[in-house]
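Data first, discussion second: the structure below is written as structure tokens.
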Amino acid sequence: MPTLNLNEIRARATTFAQEWANEASERAEAQSFWNEFFEVFGVKRRRVAVFEKQVAKLPNGGQLAQGRIDLFWPGTLLAEHKSAGRDLAAAFEQALDYFSGLDASEIPRYVVVSDFARFRLTDLESGRQWEFTLAQLPRRIELFGFIAGYQAQRIRDEDPINERAVRVLGDLHDALKRDGYAGEKLEVLLVRLVFCFFADDTGIFNPKDAFLDLIESHTREDGADVGQTLARLFEVLNTREAERQKSLDDDFARFPYVNGRLFEKNLPIPDFNGEMRKQLLACCAINWAAISPAIFGAMFQKIIELDARDRRRQLGAHYTSEKNIKKLLALKIRSP
């Protein structure tokens, strides 16, 4: 059972972030950093995790190489620590190389890499990843709740989340279609929106819920400017960061460039009203990370079926096939 509540842990995290704000040397202070990190949660590191666990890494040139895991909590957490400014993506790949030397029961659920100033935490069970700075740690401390004994929320197999996703997205589809925004432009709009919903919940958009926050805080309750906001966002997602204006609003600038053609084509700007805006926000509230990409093609067809006045329409293989939906959701975010 947790010995500290989240408010106490957050206060400790604030002190920790302040005390380690200027550290940069991996070799000299990394172990002290992690010892004090565990203390934030009221946990003695040595009771659950070890430093410098020796394992056989993935074959390198046909030869097994020996490696040492910086911090290892069997079955729970693997940490790889680097000096300030090092590549966290490369550190994450290095961490995964150690898995071949672990027993099945030892494979951790979480991998965290850090260079003192930044953290990148990956939940291998859900596939979600978060990256944030040391200064932001107190606001993201719930992500490490498992250290203190707080259980990560799990979606039960019987949870009807897929059905709810179909229902709320279908409501938005029907409302737009009844209002005259129909045909291919509507279907492309839905695919773009689903990508945004999914990206909001899986770490593609950072911070999490960036899209939800944009709609909630950047649009009027009557929905009159939702279409313009979406059109602007789609333009931003299709523009490399280096090619964007420096004066771009921060609410848009934080979105990444999407490497792909999903946002390339200009769409007629849809008109929203207050009810449509509520339906869009209801879609944002679904946990899209819990929905399998394999069912998205069928989901879109079911959404069309919800309009009882029309016969079922095919969206076209480019937008509905499982293969292409998976490709869409597997789009990589690439820096220019």
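Read in order, the letters of the sequence shown are residues 40 to 375 in our numbering. In this text, a Cβ means the ideal position worked out from N, Cα and C, and glycines have one as well. In this text the structure is predicted, and so the values were computed from the model without any measurement.
Item to check | 3 or more residues per run - each beta strand (DSSP E) lying fully within the segment 105-162 | outcome: 105-112, 116-120, 149-153 and 157-162
Checklist entry - If you count every other CB in all the chains shown that lies within 10 Å of the CB of V89, and 16 or more means buried, which is it? => result exposed
Next on the checklist: Let me confirm a value: A238 is counted as buried when at least 16 other C-beta atoms fall within 10 Å, else exposed. Which label applies?
Outcome noted: buried
Item to check | For K317, the first and last residue of its enclosing alpha helix (DSSP H) | outcome: G313 to C323
Item to check | Distance CB(G106)-CB(S144) smaller than 8 angstroms | outcome: no
Checklist entry - Beta carbon of A60: closer than 7 angstroms to some heavy atom of the ligand MG? => result Of the ligands one can find in the structure shown there are none, so the ligand MG has no counterpart to examine.
Checklist entry - Tell me the DSSP bridge mates of E170? => result R159
Next on the checklist: Could you compute how far the alpha carbon of V152 sits from the alpha carbon of A204?
Outcome noted: 33 angstroms
Checklist entry - Does L176 have its Cβ less than 8 angstroms from a Cβ in chain D? => result Among the protein chains of the structure shown there is no chain D, as only one such chain exists.
Item to check | Cβ-based burial, T42 [other Cβ within 10 Å; buried from 16] | outcome: exposed
Checklist entry - DSSP state of V79, grouped into three classes? => result coil
Checklist entry - Quick one: what does DSSP say A88 is sitting in, helix, strand or coil? => result coil
Next on the checklist: Quick check: the segment 295-310 against the segment 226-238, are at least 3 beta-carbon pairs closer than 8 angstroms?
Outcome noted: yes
Item to check | Beta bridge counterpart(s) of A95 as assigned by DSSP | outcome: Q105
Checklist entry - Taking I254 as the reference, which of F76, T53 and G313 has the closest Cα? => result G313
Item to check | Q284: first and last residue of the uninterrupted alpha helix (DSSP H) it sits in | outcome: Careful: Q284 lies outside any alpha helix (DSSP H) and carries neither H nor E.
Checklist entry - What's the C-alpha gap between Q57 and E181? => result 18 angstroms
Checklist entry - Thinking C-beta only, is W59 closer than 8 angstroms to A118? => result no
Checklist entry - For R157, which of G188, G124, I186 and E132 has the nearest alpha-carbon? => result G124
Item to check | N- and C-terminal bounds of the alpha helix (DSSP H) containing V227 | outcome: E223 to T241
Checklist entry - Who does V265 pair with in a DSSP beta bridge? => result V265 pairs with nothing; no bridge assigned.
Checklist entry - If you draw a straight line from the alpha carbon of R193 to that of L232, how long is it in whole angstroms? => result With a pLDDT of 43 at R193, under the threshold of 50, the modelled position of this residue cannot be trusted; read the value that follows with caution. Going by the C-alpha atoms only, they are around 24 angstroms apart.
Item to check | Reference C235; option with closest CA among R179, Y296, E260 and L163 | outcome: Y296
Item to check | Euclidean distance between Cα positions of H120 and I325 | outcome: 34 angstroms
Item to check | For F76 and I23, believed in contact at Cβ under 8 angstroms, the rounded distance | outcome: Outside the shown range of the chain (40 to 375) lies residue 23, about which nothing can therefore be said.
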